[in-house]
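In terms of our numbering, the sequence shown opens at residue 135 and continues consecutively. Each residue gets a CB set at the ideal place from its N, CA and C atoms; glycine is no exception. Note that the structure is predicted; figures quoted are calculated from it, not measured.
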Amino acid sequence: MTNAVNVQNIGIVGAGQMGSGIAQVCAQCGYSVSLADISQDVLDKAVTGIGGRLQRLVEKERLTQDALDAAVGNITTKTDYAGFGDCDLVIEAATENEEIKKSIFENLIPALRDDAILATNTSSISITRLAAATDRPERFIGMHFMNPVPVMKLVELSKGIATDEATYSAVNTVVGKLGKTSITSEDFPAFIVNRILVPMMNEAIYVLQEGIGGVTDIDGAMKLGANQPMGPLELADFVGLDTCLAIMQVLYDGFADSKYRPCPLLVKYVEAGWLGRKTGRGFYDYSGDKPVPTR
Ligand code: CAA
């Protein structure tokens, strides 16, 4: 029954870094967006952040004030799933934790129409396994946005074993309307981008742990020597060290191959609560005007 789905109303669950970015681009492209989070504080911060980013675009004369007002007007925030019955597509963008995602689906599904598509922004977890925890594996799909969502052009789509073509096609159409490009990955741990990117960051942390270079040497090497816009440690802080560790763990468990072992120094940082930019400290200290390397 997914053939007729013409997506107009989009629900987003989770208003953190990824959810708020997804909400922004959807609202800017004229979709009506319901943004849900358990925390009103997180929702308020998301709306303030979106308003601020759009305001900067107005100042740079890349967006009109009318377009800003329209985009902000397209977003409704909620701490429950009331109104999600109007959504044609719901994108789950919660923490990278399988149990949390499954518990969200359990609470969310009773609020959805039968023909609504459910997508997950998971960056590593099996789409097939998440889909099996829902009532609609054929209308369930991986829709992985990159951070920062408003800037990055890619959305990585991944079909679970049961995902039907109509679902893929409806979601791929949305990606195009958002001005982004999709690639399609088979449903294997961490898909394509993170299968390659996150072990690279993990290896950089090994290089740091082994004392082969300091933070500045490692990031400088990869920025100047491999033309990466951010060095791997800067990027790990940007993505969130907890997310990096969760992805390494999914790769390690999924392939049972020691080449994916999480670096002990990464584990130690996460255990210390040094999660990168979002907590003010990771491989850099963000408390001052400029990030300062910590090793
Ligand atoms: N949100 C929205 N826009 C942002 C932004 C943010 N968080 N950060 C920067 N921008 C915008 C700026 O407004 C600016 O826009 P204009 O060019 O239109 O003026 C543009 O991006 C460039 O920003 P800056 O000049 O301030 O800084 P920069 O040139 O250093 O670029 C960057 C910043 C785009 C983030 C760049 O450093 C970059 O591309 N870094 C790598 C990002 C990356 O690899 N992302 C993937 C992470 S992996 C992932 O997401 C998958 C996963 O599951 C873990």
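Integer-rounded CB distance, given that residue j should sit under 8 Å from residue i
i: Tyr418; j: Asp376; result: Rounded, the Cβ-Cβ distance is 16 Å, inconsistent with contact.
i: Ile275; j: Lys293; result: 6 Å
i: Ala201; j: Ala161; result: Not quite, the Cβ-Cβ distance comes to about 10 Å (not below 8 Å), so this is no contact.
i: Ile439; j: Asp321; result: Missing from the structure shown is residue 439; the chain here goes from 135 to 429 and no further.
i: Ser257; j: Leu291; result: Wrong, their Cβ atoms sit about 13 Å apart, outside the cutoff.
Residue range of the unbroken alpha helix (DSSP H) whose run includes residue i
i: Ser173; result: Taken as a continuous stretch (DSSP letters only), Ser173 belongs to no alpha helix (DSSP H), as it is neither H nor E.
i: Phe417; result: Counting along the chain, Phe417 falls outside any alpha helix (DSSP H), and DSSP gives it neither H nor E.
i: Val294; result: In the sequence on display, residue 294 carries Gly and not Val. Run containing Gly294: none; DSSP gives neither H nor E here.
i: Val206; result: Gln199 to Gly207
i: Leu369; result: Pro366 to Val373
i: Ile261; result: Ile261 to Ala266
i: Asn241; result: Glu232 to Leu242
Delimiting residues of the beta strand (DSSP E) encompassing residue i
i: Glu405; result: Per DSSP, Glu405 belongs to no beta strand (DSSP E); it is in the alpha helix (DSSP H), Pro398 to Glu405.
i: Phe279; result: Phe274 to Phe279
i: Thr350; result: Note, Thr350: premise wrong, no beta strand (DSSP E); alpha helix (DSSP H) at Val349 to Ala360.
i: Gly164; result: Segment: none, Gly164 is in no beta strand (DSSP E) and carries neither H nor E.
i: Glu226; result: Leu223 to Glu226
i: Ala253; result: Ile251 to Thr254
i: Ser316; result: Thr315 to Ser319
i: Val341; result: Here Val341 belongs to no beta strand (DSSP E); instead the alpha helix (DSSP H) covers Val327 to Gln343.
i: Ile146; result: Asn143 to Val147
Exposure of residue i, with buried meaning 16 or more beta-carbon neighbours within 10 Å
i: Asp298; result: buried
i: Val285; result: exposed
i: Met135; result: With a pLDDT of 46 at Met135, under the threshold of 50, the predicted position of this residue should be treated as unreliable, and no value is reported.
i: Gly148; result: buried
i: Leu358; result: exposed
i: Gly155; result: buried
i: Pro366; result: buried
i: Ser319; result: buried
i: Val426; result: exposed
i: Asp391; result: exposed
i: Ala406; result: exposed
i: Arg329; result: buried
Task: Heavy atoms of ligand 1 versus C-beta positions, residues under 5 Å - done: Residues with a Cβ closer than 5 Å to any heavy atom of ligand 1, in chain order: Ser257, Met280, Asn281, Pro282, Pro284, Val285, Pro363, Met364 and Val373.
Open item on the list: Check whether the region 228–236 and the region 178–188 touch, using three or more Cβ-Cβ pairs below 8 Å as the test.
Closed with: Output reads no: the region 178–188 does not touch the region 228–236.
Task: Segment contact flag, the region 166–177 with the region 213–225, C-beta cutoff 8 Å, min 3 pairs - done: Yes, the region 166–177 touches the region 213–225.
- [ ] Kindly confirm or deny that the region 239–252 and the region 264–278 touch, where touching means at least three C-beta pairs closer than 8 Å.
- [x] Under the three-pair Cβ rule at 8 Å, the region 239–252 counts as touching the region 264–278.
TODO: Flag this pair as touching only if the region 301–318 and the region 339–351 have three or more C-beta atom pairs under 8 Å; answer yes or no.
DONE: They do not touch, by the three-pair rule.
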